[in-house]
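Novice: Residue numbers (our numbering): -15 to 176. Have a look at this one.
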Amino acid sequence: MSEDIKKEIRQLIMMVSSIRSQDQDHWESHTEFTNEVIDYIRKIEKNMNEDWGKINNSLNSLRKTVEESLDALLTGIKPDSIIETSKALQDIQNTMGKSIQAINLENIMRELKMLSGGQISLSGGKRKKGISSSYSIEEEEEEEEADDGLTKEERDQIISVYGYVPEHLKKKQKKKEKKEPHLLKPSDFFGS
């Protein structure tokens, strides 16, 4: 019991004693009452001690149960499975990150193309080459589109979705003999 409770019990007993000393006629009843109070306090203390014992035993039992459950759980977990799961989750996370970056990049490029009036090439295809500041050889857009191996209808559908023809949607073709860009035709200088 705490010191405050013990102090209050002492005060109660002293108060009963002072009442008893003032009333000699009822001395015997005061003595019985005091003994009853003391017995009652002892019962309370005994019950509290028993309850604390039960609580302590329950806590120990709970601790044992938790330890056994954790041991069983940890025994069932294999480190190899955890490592494989971690690797798989890391791969998924990396793939998702790359996909999000690709989607963001496509959206940015599409917006840039819209803002610039369609002057930005999103496919990374052939660019216009120049001989000098006064003469230039321009490759026609049709030739650029023909390099993807798609029909006009397929190309139009893909462009309506993506805004350009992504590399993975281009059909693979047999490589044509490379044109020699360093050789010029007379019509390049004088027109056709």
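We put the beta carbon where it would ideally sit given N, CA and C, even for glycine.
Report yes or no: do the segment 46 to 62 and the segment 14 to 31 share at least 3 C-beta pairs separated by less than 8 Å?
Specialist: Not touching, per the Cβ criterion.
Novice: Excluding five sequence neighbours on each side, which residues of the same chain lie with their C-beta closer than 8 Å to the C-beta of I67?
Specialist: Here the set comprises nothing.
Novice: Specify, as a first and last residue, the run of the alpha helix (DSSP H) that V21 falls within.
Specialist: It spans 11 to 60 - the alpha helix (DSSP H) in which V21 sits, taken as one unbroken run.
Novice: Quick one: grab the DSSP three-state call for G81.
Specialist: G81: helix per DSSP, three-state reduction.
Novice: Using the three-state DSSP reduction, which class does Y148 fall into: helix, strand or coil?
Specialist: If DSSP states are grouped into helix, strand and coil, Y148 belongs with coil.
Novice: Where does S(-14) fall in DSSP's three states?
Specialist: Coil.
Novice: Could you check whether V21 and I(-3) sit closer than 9 Å to each other, using their CB atoms as the reference points?
Specialist: Yes, these two residues count as a Cβ contact at 9 Å.
Novice: Mark K169 as exposed unless 16 or more other C-beta atoms lie within 10 angstroms of its C-beta, in which case mark it buried.
Specialist: K169 is exposed by the Cβ-count criterion.
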